[in-house]
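What follows is a set of notes on a single structure, which appears directly below.
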Amino acid sequence: MAHQSSYVPKTGFTRWLDQRLPIIRLVNDSFVTYPTPRNLNFWYVFGGILAVMLVVQIVSGIVLSMHYVPNADLAFGSVEQRIMREVNYGWLLRYIHANGASMFFLAVYVHIFRGLYYGSYKAPREILWILGVFIYLLMMATAFFGYVLPWGQMSFWGATVITSLFSAIDQVIPNLGTAITHWLWGDFAVGDATLNRFFSLHYLLPFVIAGVVGLHIWALHVPGNNNPLGIDVKGPQDTVPFHPFYTVKDGFYMVLFFIVFLGFVFYAPNFFGNPDNYIQANPLVTPPDIVPEWYLLPFYAMLRAIPSKLIGVLVLVGSLLTLLVVPWLDTSKVRSCRFRPLMKQLFWVFVADCLLLGYVGSQTADAAWHFGEAELPLVWLARLGTLYYFGFFWVLMPWIGKKEVTRPLPESIAQSVLAKGGH
Amino acid sequence: MGPAHKSAGRLKIYAASCRNPLHNRLSILAFSSYGPRYFIAGARLATTDEDTTLANATSPEPTRRDFLYIATGAAATVGVGLAAWPFVDQMNPTSAVLAMASIEVDVSAIRPGQQVIFKWRGHPLFVRRRTAKEVAEARAVPPSDLPDGLARNANLTDTAPATDANRTIKPEWLVVVGVCTHLGCTPTVSTPQSPQGSYGGWLCHCHGSEYDTAGRIRKGPAPQNLAVPPYAFTGPTKIKIG
Amino acid sequence: MKRSLLALLALTVPAFAAEDLTQPLAPQKQAWSFDGVTGAYDRGALQRGFQIYKEVCAACHSLNMVAFHDLAAPGGPGFTEAQAKVIAASYKIPAEPNDRGEIFDEKGNRLTRPGILADHFPPPFANEQAARASNGGALPPDLSLIVKARQGGPDYVYSIITGFNQKPPRGFAVQEGKYYNPYFAGRNISMPPPLNQGSVTFSDGTPPTVANEAKAVVTFLSWASEPQLEARHRLGMQVLAFLVLVAGLLFLSYRKIWHGKPEDEGVAHDLPGSPTEKAEVGDPDTLSGG
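Taken in order, these protein sequences are the chains called S, L and B. Numbering follows numbering that gives the first Met the number 0, in which position 340 of the first sequence is assigned residue number 339; successive positions increment by one, without gaps. Numbering follows numbering that gives the first Met the number 0, in which position 50 of the second sequence is assigned residue number 49; successive positions increment by one, without gaps. Numbering follows numbering that gives the first Met the number 0, in which position 34 of the third sequence is assigned residue number 33; successive positions increment by one, without gaps.
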């Protein structure tokens, strides 16, 4: 780790262990004495919350897999009858796992937007950001595979629609896309073989995520945390040890987060769900409105905004890959939006844009807003939103970074803290 | 907070150890004495001009403060412990398994000297219609000669002796769980045509335990007689087990 | 009852104004005993609802996921185990092969045995094709999850089973063999009106009006869809109360760790990010004034 280790083994055993496997030293240096900027605010608690949510999802998922049967004839019953009715606390575990996925995404979105706002992707934290984008992509894949497993109508048709995106490749290389979809399905349609492999991948990917999260934390602890001021830590006076300052702060907000999370589990467990997924998958009947889970809606809106199948898929892929190059698209010398008046406004427009795209994604494809006689098809809003999404990253970010007049940065974190403290 | 102390920009954290009042403070500027054995019970900022390494702290008030931290830690620990229960309990038999815990069987087709095996709670259940000779053999053995002197009959008290009468409800019908009390294999029934062991009951081929015609262990490593499950006759030839 | 009539009125009045006949009406809002954080099933309604399922719905609709022992489980209709056994025994369950390996008698009828607690409610039809053949091509859905599987939940199911006997608007074509039901997608439903005044005789003396019958059977079906609701509501209270307690303790620890106690140690300067700085919680940029 970047800072000098302060760990001193106290007993014979810990001295012995420290020379062979300095694991206590690692934990001590990473989570106890780790010098953390003293000015981290509320928005920095979500990293810790995400780590805990990953553990919650893995543990609840492992116990659910003890009862789940990945077979197209038995999967629905193994969830809705065995787990929900027969297994002791099975209903609780299932609702924790299903709502946990939504809360995981809620937290990750706050975490991502916080990183964007305070410029946490900028040098020297580019690798940290890219690893984060990989975690996000892995999360989306995991959530998609997981949503297929209960084998309800939305599971089945969601799997069909998403995997069919690959058939767009047919427009470039004839038959290749179809061949890929058949390879993904292991059949001529989504079926038993698909369900079985999706279960296998759904079990595998969370451990890959856990590995990348390890790298993410490693990449965080080398340069150290960014902070709301976006300026570097100048010395020990700018930091506090992680424990107890941030353990207690993260812990407090984590419990608040769990109150919200478990509030959904116990009192609105199907709030994020879709009634159609309580109907067993039927390959012969498509439900009238296919909607992905809420956390994928902005991307779904972008996909539907484009009339061409191939370009729509390219836009979808491009919107995600764009995130990987954000550290180099932002040309500003200043990290935090706190000192970037123009970027701050564009950031909030970007947040609103993502919410708008999410809303449009939740509506039917032919929905429209009516203003008296006038009519605004929502697909045009989606197109506008898509334009801003790409424009924000590829045009505004590089351009504003060079042109913007930023506000003066404080000398140091400690100075800023004291200026504030002297009330 | 005293304004006099805010005159300069030097920062210091005091911390009190709950274990040793002599080491009850440290400076985060010098990480030297900072280790996991210290539980920082309180910390605050001072902005004086004095030396920024170690300094004497004012006497803390350990009891009230420690109580808060101990209570918080204890509540968190209890919470994690309670939260673990659903994750443990989910592995117990489900309500569907428990509902299958009792079965009713018709034994009218079993001929004397014959045994039929039913499945009860996932285990083989032996129902043996004993001949008069087999009953007489079992009755001739004094309980004091038996390796296990207890009846092991769920319908009787735990201390009932292993007499043949205590092993059955009707002498003709022997109902036992077909699980060898050694390590759980299923013993093979002995018939005059195909004798198994030297006691006329069952032989467990895994490790050579021999049972007599009342299902009592007579020889080999098994410590106990074959278990008699809770059962009752609901008709002349109908038995409800469990 | 009055409330539901008012709700019905409220829904039908604007519907006359500009009724889009291609869209179903929104379900009628009902008050349910199991609504809200302390909601629990009305035992009497569950038992009456079970009677209606058994005497009316079960002729066409299966209830595959519900077992007879569930009827005596906590949070359910509250039958005793002995009562549940009697109910189970009144059903004929397809028998396992007999000693001669037969599952049909000499007349070709399926051999049956009385149900036991471990059995599930037997379906009215042997398979999907048989169900469709008996119902003019329509498949009566399984009712195990019906309340959770429909947008609108119990209100929707209530609206469907009470939504018959309304005159179709002028010009609206009801298809042959179907019934007009404004709450159903397409407004043409294959199910005939299931409940009438006096369809069943309640042993507890509840008047067998269509509304009472519907209320009872929807309560029963809600339980069938979510049998753990009462346990969930109860455990939720305990868990959330505990978490609030832990949050309180953590908040006090948080406050002490971040800015100590002035009366203990003379001076204390708030660290940024401490809980006294409430302003920064909620907006990432309230500190920008610097």
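C-beta atoms are modelled at their ideal positions from N, C-alpha and C, and glycine is treated no differently.
State yes or no: is the beta carbon of residue 92 of chain B nearer than 8 Å to at least one beta carbon in chain S? Here residue 92 of chain B refers to the residue found at position 93 of the third sequence. False, the Cβ-Cβ gap to chain S never drops below 8 Å.
Could you spell out where the alpha helix (DSSP H) holding residue 50 of chain B opens and where it closes? Walking along the third sequence from the start, residue 50 of chain B turns up at place 51. Here the alpha helix (DSSP H) through residue 50 of chain B covers 42 to 54.
Is residue 336 of chain S helix, strand or coil by DSSP? The sequence position of residue 336 of chain S within the first sequence is 337, counting from 1. Residue 336 of chain S: helix per DSSP, three-state reduction.
Give the single residue among S:214, S:410, S:359 whose Cα lies nearest to the Cα of residue 234 of chain S. Your numbering for residue 234 of chain S matches position 235 in the first sequence. Ranking the options by Cα distance to residue 234 of chain S, first place goes to S:410.
Please state whether DSSP places residue 147 of chain L in a helix, a strand or coil. Within the second sequence, numbered from 1, the residue matching residue 147 of chain L stands at position 148. Three-state DSSP puts residue 147 of chain L in coil, outside helix and strand.
For residue 21 of chain B, which residues of its own chain have a beta-carbon under 6 Å away from its beta-carbon, when the five flanking residues on both sides are left out? Here the question's residue 21 of chain B lines up with position 22 in the third sequence. Counting only Cβ-Cβ distances below 6 Å, and skipping sequence neighbours, we find nothing.
Under a Cβ-count criterion, where at least 16 other Cβ atoms within 10 Å of its own Cβ denotes burial, should residue 385 of chain S be classed as buried or exposed? Counted from its first residue, the first sequence places residue 385 of chain S at position 386. It counts as buried.
Counting only the same chain and skipping the five closest in sequence on each side, list residues whose C-beta sits under 6 Å from that of residue 292 of chain B. One cannot answer for residue 292 of chain B here, as it falls past the ends of chain B, which runs 0 to 289.
Quick check: what's the CA-CA separation for residue 74 of chain S versus residue 62 of chain B? Sequence index remark: in the first sequence, residue 74 of chain S carries index 75 (1-based). Sequence index remark: in the third sequence, residue 62 of chain B carries index 63 (1-based). When rounded, the distance between both Cα atoms is 18 Å.
In the DSSP assignment, find the alpha helix (DSSP H) that holds residue 84 of chain S and state where it starts and stops. Counting from one through the first sequence, the residue named residue 84 of chain S turns up at place 85. Unbroken run through residue 84 of chain S: none, as it is neither H nor E.
Is it true that the CB of residue 163 of chain B sits closer than 8 Å to the CB of residue 122 of chain B? Translated into positions along the third sequence, residue 122 of chain B becomes position 123. Translated into positions along the third sequence, residue 163 of chain B becomes position 164. Cβ atoms of residue 122 of chain B and residue 163 of chain B: not closer than 8 Å.
Coil, strand or helix - residue 196 of chain B by DSSP: Your numbering for residue 196 of chain B matches position 197 in the third sequence. DSSP places residue 196 of chain B in coil when its eight states are reduced to three.
Quick one, which of S:260, S:6, S:13, S:335 has its alpha-carbon nearest residue 48 of chain S's? Numbered from 1 along the first sequence, position 49 holds the residue referred to as residue 48 of chain S. Minimum Cα distance to residue 48 of chain S is reached at S:260.
Reduced DSSP category for residue 195 of chain S - H, G, I as helix; E, B as strand; rest coil: As a working mapping, residue 195 of chain S is identified with position 196 in the first sequence. Three-state DSSP puts residue 195 of chain S in a helix.
CA nearest to the CA of residue 132 of chain S, picked from S:155, S:184, S:319: Taking the first residue of the first sequence as position 1, residue 132 of chain S is located at position 133. The candidate whose alpha carbon is nearest that of residue 132 of chain S is S:319.
I need the straight-line Cα distance from residue 199 of chain L to residue 212 of chain L, nearest angstrom please. What you label residue 199 of chain L is simply residue 200 of the second sequence in a count that begins at 1. What you label residue 212 of chain L is simply residue 213 of the second sequence in a count that begins at 1. About 6 Å.
Chain-ordered neighbours of residue 68 of chain L on chain B, where CB pairs are closer than 7 Å: Within the second sequence, the letter at position 69 stands for residue 68 of chain L. Within 7 Å Cβ-Cβ: 252.
Does the beta carbon of residue 112 of chain L come closer than 8 Å to any beta carbon on chain B? To locate residue 112 of chain L, count along the second sequence from 1; it is residue 113. Chain B contact via Cβ: absent.
Any residues in the region 60 to 71 of chain B with a beta carbon nearer than 9 Å to a beta carbon of chain L? Which ones, in chain order? When C-beta distances to chain L are compared with 9 Å, the residues of the region 60 to 71 of chain B below that value are 66, 67, 68, 69, in chain order.
Taking beta-carbon pairs under 8 Å, can you tell me which members of the region 64 to 94 of chain S lie near chain L? Legend: CB atoms of the region 64 to 94 of chain S lying less than 8 Å from CB atoms of chain L belong to residues 65, 66, 81, 84, 85, 86, 87, 88, 89, 91, 92.
Please confirm whether residue 294 of chain S has its beta-carbon closer than 8 Å to some beta-carbon of chain B. Sequence index remark: in the first sequence, residue 294 of chain S carries index 295 (1-based). No, residue 294 of chain S lies away from the interface with chain B (no Cβ there is under 8 Å from its Cβ).
Report the start-end ranges of each beta strand (DSSP E) in the region 42 to 116 of chain B that is 3 residues or longer and not cut off at the edges. The qualifying runs are 91 to 93, 111 to 113.
Cα-Cα separation between residue 290 of chain B and residue 6 of chain S, rounded to whole angstroms: Coverage of chain B is limited to positions 0 through 289, which leaves residue 290 of chain B absent and any answer about it impossible.
Please report how far the alpha carbon of residue 208 of chain B lies from the alpha carbon of residue 229 of chain B, in whole angstroms. Working through the third sequence from its first residue, we reach residue 208 of chain B at position 209. Working through the third sequence from its first residue, we reach residue 229 of chain B at position 230. Rounded to whole angstroms, residue 208 of chain B to residue 229 of chain B spans 28 Å at the Cα level.
Taking all protein chains shown into account, do 16 or more other C-beta atoms lie within 10 angstroms of the C-beta of residue 262 of chain B, making it buried, or fewer, making it exposed? What you label residue 262 of chain B is simply residue 263 of the third sequence in a count that begins at 1. With a pLDDT of only 37 at residue 262 of chain B, under 50, the local geometry of the prediction cannot be trusted, and the value read off the model is given with reservation. Around the beta carbon of residue 262 of chain B, fewer than 16 other beta carbons sit within 10 angstroms, so the residue counts as exposed.
Cutting at 8 Å between CB atoms, please list the residues of its own chain near residue 138 of chain S, excluding the five before and the five after it. As a first step, residue 138 of chain S must be located in the first sequence, where it is residue number 139. Once the five neighbours on either side are set aside, the close Cβ partners of residue 138 of chain S are 103, 104, 107, 208.
State the Cα-Cα distance for the pair residue 70 of chain B and residue 199 of chain B, rounded to the nearest angstrom. Taking the third sequence and counting its residues from 1, the one referred to as residue 70 of chain B is at position 71. Taking the third sequence and counting its residues from 1, the one referred to as residue 199 of chain B is at position 200. Cα to Cα, residue 70 of chain B sits roughly 20 Å from residue 199 of chain B.
What's the C-alpha gap between residue 383 of chain S and residue 359 of chain S? Along the first sequence, one-based indexing puts residue 383 of chain S at 384. Along the first sequence, one-based indexing puts residue 359 of chain S at 360. Approximately 11 Å between the Cα atoms of the pair.
Buried versus exposed call for residue 93 of chain S [16 or more other C-beta atoms within 10 Å across all chains shown]: Stepping through the first sequence from its first residue, residue 93 of chain S is reached at position 94. The residue is buried, with at least 16 neighbouring Cβ atoms inside 10 Å.
For the region 67 to 75 of chain L and the region 242 to 259 of chain B, state whether three or more C-beta atom pairs, one from each stretch, are separated by less than 8 Å. yes
Quick one: is residue 23 of chain L near chain S, going by C-beta distance under 8 Å? As a working mapping, residue 23 of chain L is identified with position 24 in the second sequence. Bear in mind that the predicted position of residue 23 of chain L carries a pLDDT of just 35, short of 50, making it unreliable; the figure below should be weighed with that in mind. No, residue 23 of chain L lies away from the interface with chain S (no Cβ there is under 8 Å from its Cβ).
Enumerate in chain order the residues of its own chain whose CB-to-CB distance from residue 104 of chain L is below 6 Å, with the five nearest sequence positions on each side excluded. Counting from 1 along the second sequence, the entry for residue 104 of chain L is found at position 105. So the list reads 117, 238, once near-sequence residues are dropped.
Run through the DSSP bridge pairs and tell me what residue 115 of chain L is partnered with. In the second sequence, residue 115 of chain L corresponds to position 116, counting from 1. Note: residue 115 of chain L sits in a beta bridge opposite L:126.
Host beta strand (DSSP E) of residue 369 of chain S (start-end): For this step, residue 369 of chain S is matched to residue 370 along the first sequence. Unbroken beta strand (DSSP E) run through residue 369 of chain S: 367 to 370.
Selected residue, minimal CA-CA separation from residue 157 of chain L, among L:144, L:228, L:139: Residue 157 of chain L sits at position 158 when you count from the first residue of the second sequence. That would be L:228, whose Cα lies nearest to the Cα of residue 157 of chain L.
Report the CB separation of residue 425 of chain S from residue 44 of chain S in whole angstroms; it is logged as a contact under 8 Å. Nothing about residue 425 of chain S can be read from this structure; chain S reaches only from 0 to 422.
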